[in-house]
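*Asks:*
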Amino acid sequence: MHLVAAQEKKITGTVSDNAGIPLPGVSVLVKGTKLGTQTDFDGKYTIKANTNQILVFSYVGMKTQEVLANSSLINVKLTDNATELEGVVVTTAMGVKREKKSLGYATQQISGKDLDGGAGNANVANLLSGKAAGVEVSRNTNFGGSTNVVIRGNKSLTGNNQALWVIDGVPVDNSNSNTTTQTSGRGGYDYGNNVSDINQEDIESINILKGAAATALYGSRAANGVVMVTTKKGKKEDKKVGFTFSSSFTVGTVDKSTFPKYQTKYGSGYGIGSSFLDAESPIPTVDTSNDASYGDAFTGQPVYQWDAFTPYSKNYGQATPWSAAKNGPVTFFKTAQTNVNSLSLEKATERSSLSLSYVNTLQSGILPNSELKKNQLSARFSQKVTDKLTANAYAAVTLQSTVGRNSTGYNDNILGNFRQWWQTNTDLKELQNVYKASGGQNVTWNWADPTSAEGLVPAYWDNPYFTRYQNYSSDNRTRLFSYASLDYKITDWLSALGRVSLDTYKELQEERRAVGSIASGFGLSPVDETSGYQRFDNNFQEINYDFMLNFNKKFAEHFSLTGILGANVRRNDKESVLSSTIGGLVTPGIYALSNSRYALPFPTEAKYTKQVNGIYAQASLGYKDTYFLDASVRRDESSTLPNGNNSYVYPAVSGSILFSNLMKAEWLNLGKFRMNYAEVGNDADALQLTNTYTRSSNFNNEPMYTLPNLNKNPNLKPERTKSFEVGLETSMLNRRLGFDVTYYKTNSVDQIVSAAVSSASGFTNAWVNGGDIENKGLEIQIMGTPIKTKDFSWDIIVNWSNNRSKVVSLPGGIENLQLASFQGGVTTNATLNEAYGSIKGTDYVYTNGQPTIDQKTGKYMITTTSDNTIGNITPDWIGGVRNKFTYKNVSLGFLIDTQKGGDIFSLDMYYGLATGLYKETAVGTIRETGVLNAGVAPDGTPNKVVSQNPGTYSNNYGYLAEPAKAFVYDASYIKLREVSISYNFPKSMFQGTFVNSATFSLLGSNLWIISKNLPYADPESGLSSGNNSRGYSVGSLPTTRDIGFNLTFKF
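Heads up, the final residue of the sequence shown is numbered 1058 in my numbering, and it's a clean run with no missing numbers.
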């Protein structure tokens, strides 16, 4: 023992690549022991070893080196290992890990470390923006709202187009429970989609499975691609328990480019001479019932405004200057805050690993009385029970509560008030003061008639502070996602896996209307209500049972065979109840169904169970580690389809060639050509087969039942997507440059749609199969390291994709299928031989391609029909550029996210220009003298006629002067989506302490909309997740610029 101690010495050195650039994070181990360390940022290491021992240096993508520890200074150069580079492992369908080089289809992996730039973000789906080619992520600006994730275009006419989310091979629910009034733009709240429950701190990586060949093993739910989430597991580090504590704080402010710029020349009214009830009086009274700002010009003269008629105002009984308000609607917003604290634990041994994580999120929005609280606890455990049996388990619990989500759509939406119907002479600060002074009463700016006691009630709009603090929503969701599995190694090439998973949640959504509110539609009442209470109870559960045989066998020297044979049983149970008061509330401030003034209406109840039984097989044959051929098949049997027509087979075949193995070119690290064909499905929803009666109001105390207008179809079959894909992957110049190019074409047939039928059938619509949507496109990913020196590196990833969709056919020989109808007379449609998502409405009458001007009125001539194609929701292309610069201990990263094309109709501009709110309506003297509209006379000569009758309501601009086409805008944008600056504190700072490392980061999100065309709103602003709510902007919340910091300690 004394001799061994005498031989042990301290060894130092530097590890670099073959270009001499230091490599941080290289593993340095004493061979045959558990002693080891890692190189620091400068590639330096220190370790103790005996002179007769061997040091092992290993690093991903490099050849492992072994060096005798016979010197106190050992510098090592590691060389590229092309074989290891090819052997990168990714998670594929069913959670199976495979070498990326063997895949015959496109995937794109995002490290969990690249998901940390989303300052102020509470939804992991948002963090995919711009980071994967072919993945269209449509955020909206709603507080805690939902996000669209669509891969390679919309494939279903009226069904689900969202990608399937999977955690460790197990599907998770990503639905939302927003109402039809919310998704149609009439009103309601966006309660978010359920992927927001995923704990971001748990994510090790995300792999995007894009095409049908990649997702075919998921069968009837795989048509839209898969977002595969792999969670973290405990890592072995010197048998110690590792702790990580992270804390971040973010503030958010309104991006003023996404909020109106008001004119300040005119006040309340719909035209010249309309501002006052008694214009001839020495001190006139403002007509507060007006909700427009195209009245008399501001002169500063004393007038009686809305606050002169309430004793709660300091201006009660007093005249105030006729001028634009000092505190406009933008002052209604406050600074948002997000505080996230997390603590995680990792522990691993030779036979077990454990990972625990707790995250607390507290977020307040830019609107008053808006708050989201989220607590997430998760655990992942793995135990090697015997040399052949391994047990795995994972559980994640999410508790979320939200108060004060913003209203969406047209009705009861403060933002619609601010963007469409407002008086620029109204001061928000004074509205806040009187709300507080009155003890929370609905003292509004919009009196019906300020000159009478009976008229001191709201005409159209409540006090916005009353709305936020009295008419608010709240919701709570408790969710558990868990799985447990046993993996038994039967032989060295065959193993069996059994797994059971549970995804379940309960949520309660409550909506309130306080006594004294303006009458409007509410709850289940058939008439407008001035007060009420509504609650929606929603319970969901999905259980999956999986059994898989996995094999991996090499034979005949050059051949390899891998694959799986499995079965899956999936059971979904859902139960919901929507109920509300009717006739108003008996006692103000008591929000309970028992406080209903009249007998409660029949609630809307739904309950269903759905089961899908599937069997599947997949095999991959490799030859000389160069040629690979894959084939898979899945058969599903669904309970939502009729007997005899409820089982379907989904095949897939793919192949790839590593031509870099054939070329033997030193500059080419990896080169692969791939091709595949596959078919996948999109299952029918539950309750679409058999007609059922709906309970109606009693007649003469007898129950009444009616059939709905939609006829069910007992012969439905699932939608089917047929997909072809070809691609090329390369990595070259010692991994300094790489490309991934993919061309794909899909046809989605047997669409499940609600088609119009003759009313003689007793129905207006019926579920049918029919129709074909074609999507084809190109995806390009470029990865590069343009600069790499000893202290500095620059990494860049460029993603670009375009998707061209076409409606090839529609059911029943029709030429147009209306997908959604919105206020303003516009619709979104699937039109034969057009791209999916045509926007239709009124258009200009054209002469020689130019808008035609009526030579008598000077106004545009407008079509008499609304079936004109005036835009399309589908973008021409999307892209993203990620840059990361590293200098010693400092790194800077930023993401540019962009969309080219696509269109969006703005109801805000449709009304807001007509009511004279926006600065465009007060340029020069156009209000008084009229506008010379751009266009031509019916004979094709340039227009020279000025619009007649200037100065009157909506004469120059807006919905009464222009067609819907005038309010359709190009939805292109370029955004500085994410910015992060990080500093890794030197480890020497923490020598002798329990701290291993520390990192400080500055984070920014949505910092700058570099370019956009939609006025005063974010082109991404929308109503909800779902394919039918895009291309329409109404009363949207402005975008929030978020900036904050993060501090992380590892112990």
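C-beta: ideal position from N, C-alpha, C; glycine also.
Are T771 and V764 touching if we call contact CB-CB under 9 angstroms?
*Replies:* Cβ distance < 9 angstroms, so T771 and V764 count as in contact.
*Asks:* Does the pairing of the stretch 438-447 with the stretch 920-930 give three or more beta-carbon distances under 8 angstroms?
*Replies:* No: fewer than three Cβ pairs fall under 8 angstroms.
*Asks:* Please name the residue, chosen from P328, I1017 and P465, that lies closest to I525 on a Cα-to-Cα basis.
*Replies:* The candidate whose alpha carbon is nearest that of I525 is P465.
*Asks:* Among residues of its own chain, excluding the 5 on either side of F388, which ones have a beta-carbon nearer than 6 angstroms to its beta-carbon?
*Replies:* Once the five neighbours on either side are set aside, the close Cβ partners of F388 are L361 and A400.
*Asks:* What first and last residue would you give for the beta strand (DSSP E) that runs through I821?
*Replies:* No beta strand (DSSP E) holds I821; DSSP gives it neither H nor E.
*Asks:* What residue does the alpha helix (DSSP H) around T58 start on, and which one ends it?
*Replies:* Element bounds for T58: n/a, residue is neither H nor E.
*Asks:* With a threshold of 8 angstroms, are at least 3 pairs of Cβ atoms found where one atom belongs to the stretch 326-337 and the other to the stretch 206-213?
*Replies:* The stretch 326-337, when compared against the stretch 206-213, does not touch it at the 8 angstroms Cβ threshold.
*Asks:* Using the beta-carbon count (16 or more within 10 Å), is Y323 buried or exposed?
*Replies:* Classification of Y323: exposed, given that the 10 Å Cβ count is below 16.
*Asks:* Per DSSP, what are the beta-bridge partners of Q906 in this structure?
*Replies:* Q906 is bridged to I885 and Y980.
*Asks:* Apply the 10 Å Cβ neighbour rule to D1049 and answer buried if 16 or more other Cβ atoms are within range, or exposed otherwise.
*Replies:* When all chains shown are included, D1049 counts as buried.
*Asks:* Considering only residues of the same chain and omitting the five flanking positions on each side of L92, which have a CB-CB separation below 8 angstroms?
*Replies:* Annotation note: pLDDT 45 at L92 (below 50); position unreliable, coordinate value reported separately. If we look at L92 and ignore the five residues flanking it on each side, its Cβ neighbours are G68, N676, L677, S738 and R742.
*Asks:* Return the Cβ separation of I869 and T849 in integer angstroms, given the expectation that the two are a contact with Cβ distance under 8 angstroms.
*Replies:* I869 to T849, Cβ: 5 angstroms. Contact.
*Asks:* First and last residue of the alpha helix (DSSP H) that includes P471?
*Replies:* Here the alpha helix (DSSP H) through P471 covers P471 to Q477.
*Asks:* Which first and last residues belong to the alpha helix (DSSP H) in which Y442 is found?
*Replies:* Unbroken alpha helix (DSSP H) run through Y442: L435 to A444.
*Asks:* So, under 8 angstroms CB-CB, T271 and N453 are touching, yes? Tell me the CB distance rounded to an integer number of Å.
*Replies:* Between N453 and T271 the Cβ distance is about 20 angstroms, and since that is not below 8 angstroms, they are no contact.
*Asks:* Since D180 contacts E732 with CB under 8 angstroms, what's their CB separation in whole angstroms?
*Replies:* 28 angstroms between Cβ atoms; not a contact.
*Asks:* Give the single residue among Y476, K679 and S212 whose Cα lies nearest to the Cα of Q448.
*Replies:* That would be Y476, whose Cα lies nearest to the Cα of Q448.
*Asks:* Can you check DSSP and say which residues form a bridge with L384?
*Replies:* Paired residue(s): Y365 and V404.
*Asks:* Using the rule of at least 16 other Cβ atoms within 10 Å of the residue's Cβ for burial, across every protein chain shown, is G831 buried or exposed?
*Replies:* G831 is buried by the Cβ-count criterion.
*Asks:* Quick check on I789 - is its C-beta less than 9 angstroms from some C-beta in chain B?
*Replies:* In the displayed structure, chain B is absent; only one protein chain is listed.
*Asks:* State the start and end residues of the unbroken beta strand (DSSP E) segment that holds A6.
*Replies:* No answer is possible for residue 6: it lies beyond the span of the chain, which begins at 8 and ends at 1058.
*Asks:* Using only the alpha-carbon positions, how far apart do N200 and N683 sit?
*Replies:* Cα to Cα, N200 sits roughly 32 angstroms from N683.
*Asks:* By DSSP's criteria, G539 is part of a beta bridge. Which residues make up the other side?
*Replies:* R520, per the DSSP bridge assignment.
*Asks:* T796: buried (16+ other C-beta within 10 angstroms of its C-beta) or exposed?
*Replies:* T796 comes out exposed.
*Asks:* DSSP on A574, reduced to helix/strand/coil?
*Replies:* The answer is strand: DSSP assigns A574 an E or B state.
*Asks:* Identify the continuous alpha helix (DSSP H) that holds I933 and give its terminal residues.
*Replies:* Note, I933: alpha helix (DSSP H), I933 to T936.
*Asks:* Quick one: is K847 buried, meaning 16 or more other Cβ sit within 10 Å of its Cβ, or exposed?
*Replies:* Buried, by the Cβ-count rule.
*Asks:* Between K268, N133 and N214, which has its C-alpha nearest T114's C-alpha?
*Replies:* The shortest Cα separation from T114 among K268, N133 and N214 belongs to N214.
*Asks:* If you reduce the DSSP assignment to three classes, tell me which class F609 lands in.
*Replies:* Residue state, collapsed to three classes: coil.
*Asks:* When we look at the beta-carbon of T838 and count the other beta-carbons within 10 Å, is it buried (16 or more) or exposed?
*Replies:* Buried.
*Asks:* Mind checking who R702 pairs with in its DSSP beta bridge?
*Replies:* DSSP, once it has assigned bridges, lists Y712 as partnering R702.
*Asks:* Going by beta carbon distance, what residues of the same chain come within less than 8 angstroms of L435, once the five residues before and after it are set aside?
*Replies:* Cβ neighbours of L435 beyond the five flanking positions: A332, N334, G335, P336, T338, F339 and P471.
*Asks:* Taking all protein chains shown into account, do 16 or more other C-beta atoms lie within 10 angstroms of the C-beta of E686, making it buried, or fewer, making it exposed?
*Replies:* Buried.
*Asks:* Under three-state DSSP, which class holds T90?
*Replies:* Confidence is the limiting factor: at T90 the pLDDT is only 48, short of 50, which leaves the residue's position unreliable and the question unanswerable from this model.
*Asks:* Roughly how far, in whole angstroms, is the beta-carbon of G416 from the beta-carbon of V975, given that I think they are within contact range, below 8 angstroms?
*Replies:* Actually they are not in contact, since the Cβ atoms of G416 and V975 sit about 19 angstroms apart, beyond 8 angstroms.
*Asks:* Is the number of C-beta pairs between the stretch 647-657 and the stretch 73-83 that are closer than 8 angstroms three or more?
*Replies:* No, the stretch 647-657 is not in contact with the stretch 73-83.
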